[in-house]
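Numbering (the working numbering), first residue to last: 2 to 65. Every residue, glycine too, gets a C-beta built ideally from N, C-alpha and C. Reviewing the structure listed below.
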Amino acid sequence: METITTAELKALGDQLNCEQLLIKKFKAYAASAQDPQIRQVCEQTASQHKTHYDTLLSHLGGSC
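Here you go:
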């Protein structure tokens, strides 16, 4: 396995932070949505970003 450079590690960290923010935002949107369809879409979107977050974290060996 190749070593991750400092720049790549920073980019992964930045992306992890972005994914966390998107998860929080879409969960908040879902909680405040009146329309069940909008709530469902927001929950699904939060779930997709959680999957992205978990995938990025797995590339780091879960060491963040």
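Judged by DSSP in its simplified three-state form, threonine 52 adopts helix.
By the Cβ-count criterion, isoleucine 39 is exposed, with fewer than 16 other Cβ atoms from all chains shown falling within 10 Å of its own Cβ. By alpha-carbon distance to glutamine 49, the top candidate from Asp36, Phe27, Ser59 and Gln35 is Phe27. Secondary structure at glycine 62: coil, using DSSP grouped into helix, strand and coil. Linking leucine 61 to glutamine 21 through their CA atoms gives a straight-line distance of about 16 Å.
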